[in-house]
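Protein chains in written order, with my numbering: chain H, 854 to 1224; chain G, 684 to 990.
Report on one structure; see the data block that follows.
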Amino acid sequence: MADFTPFSYEHDNEYELNFGLQPLSIEGTARFILTLRGEEIKKCYPCIGFDHKAIEKLAEHTHYLKIPELLKCISPFNRLSFCYPYVLLMEKLLGLTPSLRTQSLRVIFAELERIRSHMRIISALAQDLGSDIPKIYEIKQSTIIEHFLKNKEDLFQIGGIKYNITDEGIEDIYNWSSKKNNPFLEKISYSLSNNRIFKQRTIGIGIISAEDAVSWGLSGPSLRASGVSWDLRQSSPYDAYSSLSFTPTIENSGDVYSRYLVRAEEIKASLSLISQIIENIPPEENSTIDLSEEDFPSPPAKELYLATESPAGELGISIISDGSSCPYRFHIRTPSFPHLQALNYLGKDTNFGNLVPIIASFDLNMGEVDR
Amino acid sequence: MILNLIFALLFIAVAIWIIAYAESKIDSPKEAAFFKAPLDLVKLIFKRTIIPSAASKKLFLMLPAAVITFAVALYAVIPIKDNIVIADLNIGVIYTLALLFLLGYSLILTGWSSSSRYALLGTFRLAGQLLIYIIVFGFILLSLVLSASSFNIGDIVEAQNKVWFLFPHFPLFIVFLMCMLVLTNRMPGDSPFAASEIGGGINAEYSGAPLALLLISQYAAMLSMSTLATVLFMGGWQPLFGLWPSLSGLPWLLIKLFLCVIFFIWVKAALPRYRYDQVMKIGYKYLVPASGLWFILTAITIFIIKE
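What follows is the structure in structure tokens.
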């Protein structure tokens, strides 16, 4: 399927172009080697390795309790979401079950991050296409979410949460999430969803069929936009998700526009999930946990994999433990890596002007790709 | 030239204001808008100009000056009041057409002389757009020349003293607005300068003072095109329905100019950009046939009236 020889020319009038720093939608250092013929892209070769932090190797020499500090460095935006699968995995390994309130709080904060991430990627897509208005509204809404997440970057702890979240704090979130009209969603519904130019730039661009999407390993909103109903929050529910009524958002065309629509719908779904869970949250209790390295039990020797639904897609962590205080092997499955490799297939034989919206529709983070 | 520079700087300040209003950036300090453009200009002028080693050096440095000259030279044929005009050319319409060609071709050469692939992509996009939209522009001018039965821009303004050409030629005016946006490389048609796709396109290799010239020349071209729109469709210096005749002349011209300028900025704030082939498709499929048909219709109507 993929042709990984970037430096061969089939015709004399083909030329090569380095691409990658212009789109605002990519976080970190990306590089694509394009082979162009006029404005037609003949080959698109994504390069990796510019943001390598050796997180997986470092984790093999880090105490279990300190690994979340490493995981937070991977993505500057989704810090809680990156700790989430690790925390769940360690609880499974140690046989801990946190209280229902803790589980609910984790879901609330993970969903807040999802909303922020989706808003960021939608407004980056709009900005790359030349429309700055959604970005302004994104900044305003993100500031509110930022206020909720302030100083809570290490909230998720093995067996609980680090800080006590009071009922007043939760009520603030509820007041925001249960508002009828989110200004950001209202703005994009007429400046993007129903905009002629935006539709012409995105509909029918970067189409990936359901079979191809699965075989390229896509996940998250990008997979659901191709018509595959696969959402880990519903298919293998973790924490408090099992108690929520929830249906994944699906679009069938698999183009840039449907990936955008899925994200916009998921913001709505996340807002309603937050409201739903706050309405049923157990009463306030002191569920904070602050473990030290001395009283942390060494996990049994085992091999485990656990995945959660991060904003971009399936985020999995695999651990082989050998009974010591550090993991023997530690691996992360980030959603951005398969998404980047699918660009080799999607970026081919398309117009150069289409490449930017295609890239923007995948929520790429080069820090995730390289780890 | 210097007056135009000041106007362009004021224009950028107004643009920042209006975009801030359209995007409802209520918190942004609006007084800063007036200082931003002049300070940016000073910063760019004192920065070192980096010349790519493969670029053709003379053309690379000379052409931005040419671009801004052509953008400003249009004012020579714009009448401010009855018979007050720098050059009373009897072929003023052809002069504007020639200047637009020169403006476009100097921009094309600008991209070509950078000898960079990104600038080259921008150049090709611009060349494709220019080719088709100049034709549309020619058809528009022809219809107006027929209506005024003169090639002199002063006469075209005179012919609108009863009713502006905007009203009988309204479909043509819509075509003209699209044409105006594309020929000055503004928002829906700014793919030759798209920053997120081709890194600024024609401007990609420029830095320092030449870049400042290129950026200002775009605003100068927008002002020129807005002036052209006022003169061709909105009665130039003449008051609307004889309102406030004491203001006829420069004040009325500036009021109309301001409306056109707001249009430019509003479109920039509201719309995403077309892909370059979509811009060209609109040109070839809709605008050329529409403006051509309108030309024929105008000719027939005038023939019937004269008979």
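Each residue gets a CB set at the ideal place from its N, CA and C atoms; glycine is no exception.
Identification of residues in the stretch 933 to 960 of chain G having a C-beta nearer than 8 Å to some C-beta of chain H yields 952, 953, 954, 955, 956, 957, 958, 959 and 960, given in sequence order.
The DSSP-derived three-state label of residue 1082/H is coil. For residue 889/H, DSSP records a beta bridge to 868/H and 894/H.
Residues of the stretch 883 to 897 of chain H whose Cβ lies closer than 9 Å to any Cβ of chain G, in chain order: 889, 891 and 892.
About 16 Å separates the CB atoms of residue 1223/H and residue 925/H; that is not less than 8 Å, and the two are not in contact. Judged by DSSP in its simplified three-state form, residue 922/G adopts coil rather than helix or strand.
For residue 1112/H, the uninterrupted alpha helix (DSSP H) segment begins and ends at 1109 to 1132.
Apart from sequence neighbours up to five positions away, the residues of its chain that approach residue 1166/H with a beta-carbon distance below 6 Å are 1072, 1073 and 1188, ordered along the chain. Contact holds between the stretch 954 to 971 of chain H and the stretch 1132 to 1142 of chain H, because three or more Cβ pairs, one in each stretch, are under 8 Å apart.
Three or more beta-carbon pairs separated by less than 8 Å are not found between the stretch 1009 to 1025 of chain H and the stretch 1081 to 1093 of chain H, which leaves the two stretches without contact.
Per the coordinates, the alpha-carbon of residue 1106/H lies some 11 Å from the alpha-carbon of residue 1076/H. Taking C-beta separations shorter than 7 Å and ignoring five residues to either side along the sequence, the partners of residue 904/G in its chain run 754, 786 and 867, following chain order. Below 8 Å, enough C-beta pairs join the stretch 880 to 899 of chain G and the stretch 789 to 798 of chain G to call them touching: three or more.
Residue 872/H and residue 1219/H have their C-alpha atoms some 14 Å from each other. For residue 882/G, the nearest beta carbon of chain H is closer than 7 Å to its own beta carbon. At a cut-off of 7 Å between beta-carbon atoms, residue 1051/H makes contact with chain G.
For residue 800/G, the chain H residues whose C-beta falls within less than 8 Å of its own C-beta are 868 and 870, listed in chain order.
A straight-line Cα-Cα distance of about 60 Å links residue 854/G and residue 1185/H. Contact between the stretch 775 to 785 of chain G and the stretch 835 to 842 of chain G is established, with three or more Cβ pairs separated by less than 8 Å. Nearest CB-CB separation between residue 931/G and chain H: not below the 7 Å threshold. Contact note: residue 982/H reaches chain G through 955 and 956, using a C-beta cutoff of 7 Å and chain order. No Cβ-Cβ contact shorter than 7 Å links residue 1123/H with residue 1101/H. Contact of residue 1073/H with chain G is not assigned, every C-beta pair being separated by 7 Å or more. Among the bridge pairs identified by DSSP, residue 1014/H is matched with 1009/H and 1141/H. Taking one beta carbon from each stretch, the stretch 1044 to 1057 of chain H and the stretch 952 to 966 of chain G have 3 or more pairs nearer than 8 Å; the two touch. In terms of CA proximity to residue 1109/H, 1053/H leads the group 1043/H, 1159/H and 1053/H.
The residue among 1023/H, 1097/H, 1164/H and 1145/H with its C-alpha nearest the C-alpha of residue 1117/H is 1164/H. Within chain G, the residues placing a beta-carbon under 8 Å from that of residue 875/H are 878, 879, 880, 881 and 882, ordered along the chain. Of 918/H, 990/H and 1024/H, the smallest CA-CA separation from residue 1130/H is found for 1024/H. Residue contact check for residue 1209/H against chain G: a CB pair falls below 7 Å. No residue range can be given for residue 871/G, since it is assigned to no alpha helix (DSSP H) and is classified by DSSP as neither H nor E. In chain order, 805, 868, 883, 884, 885 and 886 place their CB closer than 7 Å to the CB of residue 876/G, counting only its own chain and leaving out the 5 sequence neighbours on each side. For residue 1170/H, the enclosing beta strand (DSSP E) has its first and last residue at 1167 to 1174. One thing to note: residue 1177/H has its Cβ no nearer than 7 Å to the Cβ of residue 1158/H. A Cβ of chain G is located within less than 7 Å of the beta carbon of residue 1206/H.
In its chain, beyond the 5 residues on either side, 817, 820 and 866 have a beta carbon closer than 7 Å to the beta carbon of residue 783/G.
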